[in-house]
């Protein structure tokens, strides 16, 4: 009884009017792996104001850590999901199903992001990805992975298959707040957000040894 009473007291903050208006949306987005940026004004302000309360809430109910970070002058919140199911809830979408694809895309997007680090505009499109595969530092490994050999040029059909791989992951990154995708699916235009730092950290070993990693996987 004392435990239940303490829990009710600890979660009393959920009765706040501002939280009640937006909690359902906030909780769903966080548990889906969404990164909540300052641009999501209402959701971010709730987390920022009641940060300590929410940290306790997610730790106690889900065994997850609510984290706040700032990268490139942009602050954001997210839930840290365990990679091997150590908490009461895992995020298989991020850690299992798209792991190989997402790691490859994360590496390429990271190269694009940091190559334009001092540029205000972090907007990219499929042509930029294709150029990285053709001419980037790890082009030989990329080409061997995506095309099974290295040639001076590839057919439109071959490129379309590669584009589909990237489209799936870019859409996934858009859903969890690592990129902001524009409506034009044909050109695959998107803005890489500072939250990409979080994903890069999760896959630091794979990204730092990308050539070795690419030799071990199949798409």
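In the working numbering, the protein residues as written are 2 to 220. Using N, Cα and C, we set each Cβ at its ideal position, and we do this for glycine too.
Subject >> Beta-carbon contacts of residue 123 that lie in its chain and below 7 Å, excluding the five residues immediately before and after >> reply: Within the chain shown, the letter at position 122 stands for residue 123. Excluding the 5 residues flanking it on each side, residue 123 has same chain C-beta neighbours closer than 7 Å at 114, 117, 192, 193, in chain order.
Original post:
Roughly how many whole angstroms lie between the Cα atoms of residue 157 and residue 210?
Top reply: One-based indexing of the chain shown puts residue 157 at position 156. One-based indexing of the chain shown puts residue 210 at position 209. Taking the straight line joining both Cα atoms gives about 30 Å.
Original post:
Using a Cβ-Cβ cut-off of 6 Å (strictly less than) and excluding sequence neighbours within five positions of residue 142, which residues of its own chain qualify?
Top reply: For the purposes of this step, residue 142 is taken as residue 141 along the chain shown, with counting starting at 1. Hits under 6 Å: 212, 215.
Original post:
Does DSSP put residue 76 in a helix, a strand or coil?
Top reply: For this step, residue 76 is matched to residue 75 along the chain shown. Per DSSP, reduced to three states, the secondary structure at residue 76 is strand.
**OP:** From the DSSP output, in three-state form, read off residue 104 for me.
**Re:** As a first step, residue 104 must be located in the chain shown, where it is residue number 103. Helix.
**OP:** Helix, strand or coil for residue 152, going by three-state DSSP, please let me know.
**Re:** Taking the chain shown and counting its residues from 1, the one referred to as residue 152 is at position 151. If DSSP states are grouped into helix, strand and coil, residue 152 belongs with coil.
**OP:** Could you please give the first and the last residue of the uninterrupted alpha helix (DSSP H) stretch that includes residue 138?
**Re:** Here residue 138 corresponds to residue number 137 of the chain shown, with the count starting at 1. First-last for residue 138: undefined, no H or E at that position.
Original post:
Given a threshold of 16 other Cβ atoms within 10 Å of its Cβ, counted over all protein chains shown, does residue 54 qualify as buried or as exposed?
Top reply: By one-based count along the chain shown, residue 54 stands at place 53. Buried is the call here.
**OP:** Taking the CB atoms as reference points, tell me whether residue 65 and residue 80 lie closer together than 7 Å.
**Re:** By 1-based counting over the chain shown, the position of residue 65 is 64. By 1-based counting over the chain shown, the position of residue 80 is 79. In this structure, residue 80 lies closer than 7 Å to residue 65 by Cβ.
**OP:** Take the Cβ of residue 59 as the centre, count every other Cβ of all protein chains shown within 10 Å, and call the residue buried at 16 or more, exposed below.
**Re:** Within the chain shown, numbered from 1, the residue matching residue 59 stands at position 58. Classification for residue 59: buried.
**OP:** Starting from the Cα of residue 22, find the closest Cα among 44, 135, 13 and give me that residue.
**Re:** By 1-based counting over the chain shown, the position of residue 22 is 21. Of the listed residues, the one whose Cα sits closest to residue 22 is 44.
Subject >> Inter-residue Cα distance where the pair is residue 130 and residue 205 >> reply: Looking up residue 130 in the chain shown gives position 129. Looking up residue 205 in the chain shown gives position 204. Cα to Cα, residue 130 sits roughly 20 Å from residue 205.
**OP:** Could you say which of 68, 38, 40, 51 lies nearest to residue 18 if we only look at CA atoms?
**Re:** Walking along the chain shown from the start, residue 18 turns up at place 17. Put simply, of 68, 38, 40, 51 the residue whose alpha carbon is nearest the alpha carbon of residue 18 is 51.
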